[in-house]
Structures are given as structure tokens and as C-alpha cells.
Amino acid sequence: MQLTVGTGVPLLRVRPALPSPAGKFGVVNRSDGDKADANTLTGVSETALLTLYGRAHQAGHRDAIIEDPMAIRLVEAIDFDFEKFGRKGQEMALRSLAFDRAALSYLSQHPTATVVALAEGLQTSYWRLTEARPDLQFSWLTVDFQPIIDLRERLLPSSPRIGTLAQSALDYSWMDQVDTGNGVFITAEGLLMYLQPEESMGLIRECARRFPGGQMIFDLPPVLVKKFAPKGVRSSRRYRVPPMPFSLKPAELADLANTVPGIRAVHDLPMPRGRGWAFEKLFPAFWQWKPTKQYRGTYTLLEFG
18 MQLTVGTGVP LLRVRPALPS PAGKFGVVNR SDGDKADANT LTGVSETALL TLYGRAHQAG
78 HRDAIIEDPM AIRLVEAIDF DFEKFGRKGQ EMALRSLAFD RAALSYLSQH PTATVVALAE
138 GLQTSYWRLT EARPDLQFSW LTVDFQPIID LRERLLPSSP RIGTLAQSAL DYSWMDQVDT
198 GNGVFITAEG LLMYLQPEES MGLIRECARR FPGGQMIFDL PPVLVKKFAP KGVRSSRRYR
258 VPPMPFSLKP AELADLANTV PGIRAVHDLP MPRGRGWAFE KLFPAFWQWK PTKQYRGTYT
318 LLEFG
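The numbering used here puts the sequence shown at residues 18 to 322.
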């Protein structure tokens, strides 16, 4: 079956819609006891499991900060030693909330737009957004490497609105598959920091050139991470997050509107409030405190002119 993203070019490798035995949030193509082996994922691709686990843990908390039943079911359906990642803090769930809010804001004005999820990993954003706004009829395009695509196609419910491309986000041919007629919203959640600076900036520039009227959202770690943890941050005794060679301060990101053709506005998005005093009060305040603002991570939304 072929899927047309937006109203234009047909995409390959799209499955026909299948019923989900566990309801609209169920995991498909899995029999009881037959878990999907994810132990072959390495490097940056393995971080898809790290972020999934953190999100699922927070969604299953008695005082959950995110509704993500699909993430919980994915963890249950995957054969992997998730505990090796160590702590399961709120950061990954809060990041997803920030991305969801930005996407819903754009889709509210462009209800039939195409969302392009670059290096989507095992994110479950499509189902959260669909649950939040079932009236919207946006299309979805996942761009990621073949092992990730295989896992998604095996475990996640299909939809005639979802397309997949098994390739690198740096292979710009994916841009030829996107119809811009109804708007384009690009997500790069947990991607740019793992690329080299010239690769990340090249991707931003090309998106700005190719998708006028669209938007792009991405996140970056504090600039000090690449200085003090050049080999990657250790999250536990058994796991080290891959190196993050790319980051920019909020002031440097704001200047993209002056230095990158096609970017008409840059928005420094706030950190969503989480659970407990630290994540509900302290960290959101720290995020906006002027003396420390240039040393924190960022959620950045670009508007293309």
C-alpha cells in the first residue's frame, strides 16, 4: 500500500491499517510471550529505548505527569534490559510534553498539515496528539534507520495517516516526499545534539529553505555538557549516553533569525511543570532565571518564513 503524505507524493513501505487487539492504544503484531528483541540497537539508536523507558515510567506513576499508555505497552512488548539505564527521571516526559504543546499549537491552525518526525526512535507522539485532538486530520511521516522502523512496524498500530522512510535525517531526499500544501511541522526530538555541528546546522538551514511557512522544534543540552562530558554522560554504572557534540546557548539560537535565511522567528520554549517541588517550582524558575539562562538546555521552536 502507498500513503500520500499531505496531498502529494506517495511514500513507500507503509503498512495497511490493522486492527489493534488491545484497543486504539494497543500494540499489534505480537503474540503473548513473543517479545521484540531490541538488543541489537546500539549507539544513538539505543537512546530510543532510554527515552521510551523514562516516559513509560512517568506515565505509569501514581501521580503521572504524562498520559502515554502506548509507551507503557511498548516497554512491556520489548525484550531489553531497561534497568541498565539507571534513573528514570521526569526529564524525558517533560520534553515530550513541550514538543506536544508546540505541535498542537501549530496543528490547531493547520489541521491537515504533515508532521515529520526525524529520528523518531520509539516516540509515541502521534497517539498522544491524536488522543488530545481527535478532530485533527494531520499526516505523519517517521524518518529513522531500518532497525527502528522494523521495531515500530512490528509493535505499533498502523494507520493510513502514518508513513515511514528508512533513512538518515541527513539524507535530505526525505524532503522530496513531503507535500507542503497544508503546512509542515518538523520534530527533531533528541536528535541534533548527537550530530556534528555542521550536520545539525546544515539540517536546520535546509529545512528553513525547503519548508517556508512551516515550523521545526528541537532540543539541545546545556552547552557545558560537550565541554565536561566529551565522551558522553554516564547515567548508571552500566550505561553511558553517547557524546553530544552540538549545542547552542539560547542567545546563539535567537541569532539564527538573523543568520539563517528562511528563519523568521526563534522561540525559546518554557520547561513544562512536573511533579514535586523541584520539577514544579525550582527547575521551571531556573529555566527562566536570567543569570543561568545561557547555561541550561533548550527547547527551541523555529518559524520558517
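Glycine included, C-beta positions come from ideal geometry on N, C-alpha and C.
Would you say residue i and residue j are within 9 Å of each other, going by their C-beta atoms?
{"i": "Asp85", "j": "Lys52", "result": "no"}
{"i": "Ala115", "j": "Met288", "result": "yes"}
{"i": "Val160", "j": "Gln126", "result": "no"}
{"i": "Tyr143", "j": "Val132", "result": "yes"}
{"i": "Ser62", "j": "Phe202", "result": "no"}
{"i": "Pro260", "j": "Lys243", "result": "yes"}
{"i": "Ser113", "j": "Ile89", "result": "no"}
{"i": "Val258", "j": "Thr64", "result": "yes"}
{"i": "Val277", "j": "Ile221", "result": "yes"}
{"i": "Ile165", "j": "Glu137", "result": "yes"}
{"i": "Thr309", "j": "Asp285", "result": "no"}
{"i": "Val240", "j": "Gln311", "result": "yes"}
{"i": "Leu139", "j": "Gln232", "result": "no"}
{"i": "Leu1", "j": "Leu91", "result": "Outside the shown range of the chain (18 to 322) lies residue 1, about which nothing can therefore be said."}
{"i": "Met109", "j": "Leu67", "result": "yes"}
Run through DSSP, which three-state label would residue i get?
{"i": "Gly180", "result": "strand"}
{"i": "Ile280", "result": "strand"}
{"i": "Ala347", "result": "Outside the shown range of the chain, which is 18 to 322, sits residue 347, and nothing can be said about it."}
{"i": "Ser264", "result": "coil"}
{"i": "Val236", "result": "For clarity, residue 236 is Asp in the given sequence; the question names Val instead. Strand, per DSSP."}
{"i": "Ala246", "result": "coil"}
{"i": "Ala55", "result": "coil"}
{"i": "Glu320", "result": "strand"}
Could you tell me the distance, in whole angstroms, from the CA atom of residue i to the CA atom of residue j?
{"i": "Ala39", "j": "Gly106", "result": "With a pLDDT of 42 at Ala39, under the threshold of 50, the predicted position of this residue should be treated as unreliable, though the coordinate-derived value follows. Each residue's alpha carbon lies about 28 Å from the other."}
{"i": "Leu135", "j": "Leu187", "result": "9 Å"}
{"i": "Glu148", "j": "Pro262", "result": "35 Å"}
{"i": "Lys307", "j": "Phe300", "result": "13 Å"}
{"i": "Leu173", "j": "Gly71", "result": "18 Å"}
{"i": "Pro177", "j": "Arg169", "result": "15 Å"}
{"i": "Ser253", "j": "Gln305", "result": "29 Å"}
{"i": "Leu209", "j": "Pro238", "result": "10 Å"}
{"i": "Arg79", "j": "Leu121", "result": "26 Å"}
{"i": "Lys41", "j": "Leu270", "result": "Only weak support exists for where Lys41 lies, its pLDDT of 49 falling under 50; the coordinates are left without a value."}
{"i": "Ala81", "j": "Ala73", "result": "10 Å"}
Look up residue i in the DSSP assignment and give the residues it is bridged to.
{"i": "Asp80", "result": "Paired residue(s): none; Asp80 is not in a bridge."}
{"i": "Ser253", "result": "Tyr256"}
{"i": "Thr68", "result": "Bridge partners of Thr68: none, in fact."}
Report the start-end ranges of each beta strand (DSSP E) in the region 279-308 that is 3 residues or longer and not cut off at the edges. Every beta strand (DSSP E) stretch that sits fully inside the region 279-308 and reaches 3 residues is listed by chain position as 280-285.
Which complete alpha helix (DSSP H) runs does the region 140-222 hold, if anything under 4 residues is left out? 142-149 and 163-172
Please list the segments of the alpha helix (DSSP H) lying wholly inside the region 85-121, counting only runs of 4 or more residues, in order along the chain. 86-94
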